[in-house]
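Asks: Just so you know, we're using the working numbering here: the sequence shown kicks off at 0 and counts up by one.
Beta carbons: idealized from backbone N, C-alpha and C, even for Gly.
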Amino acid sequence: MPFMKQNFTPEDLMAYLYAETSLSLRLAVQDALRRDPVLAQELEQLRMSKRQFPKVKFTAPKRSLQRIMNYSRSTALEGQI
């Protein structure tokens, strides 16, 4: 069966890079990367850019986390009524 070219968006590649794709999309991207050196180069450029991002850790104040948890509990209970 002949290879059918599939176009992937930058968003598809970013999702692939961050492992946020479905299994079928992940396999399709991997197959395309083996066949398309231009696509592989685009992904490598995204990888290099990702490495340059500073490693930031975010910790919300306990009070904010408690409010989020309380809201979550209250809305979960609303759905049961």
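Based on Cα-Cα distance, which residue from L45, D30, S63, R34 lies nearest to A14?
Replies: Your numbering for residue 14 matches position 15 in the sequence shown. Out of L45, D30, S63, R34, the CA that lies nearest to the CA of A14 is found in L45.
Asks: If you run the structure through DSSP and keep just helix, strand and coil, what is D11?
Replies: Residue 11 sits at position 12 when you count from the first residue of the sequence shown. If DSSP states are grouped into helix, strand and coil, D11 belongs with the helices.
Asks: Is it the case that the Cβ atoms of K49 and L16 are separated by a distance below 9 angstroms?
Replies: As a first step, residue 49 must be located in the sequence shown, where it is residue number 50. As a first step, residue 16 must be located in the sequence shown, where it is residue number 17. Cβ distance < 9 angstroms, so K49 and L16 count as in contact.
Asks: Could you tell me whether the Cβ atoms of T103 and D11 are closer together than 9 angstroms?
Replies: Missing from the structure shown is residue 103; the chain here goes from 0 to 80 and no further.
Asks: I need the boundaries of the alpha helix (DSSP H) containing S83, first residue and last residue.
Replies: Here the chain comprises residues numbered 0 to 80, so residue 83 is not present and cannot be evaluated.
Asks: Between which two residues does the alpha helix (DSSP H) holding V55 run?
Replies: Stepping through the sequence shown from its first residue, residue 55 is reached at position 56. Premise fails: V55 is in no alpha helix (DSSP H) and is neither H nor E.
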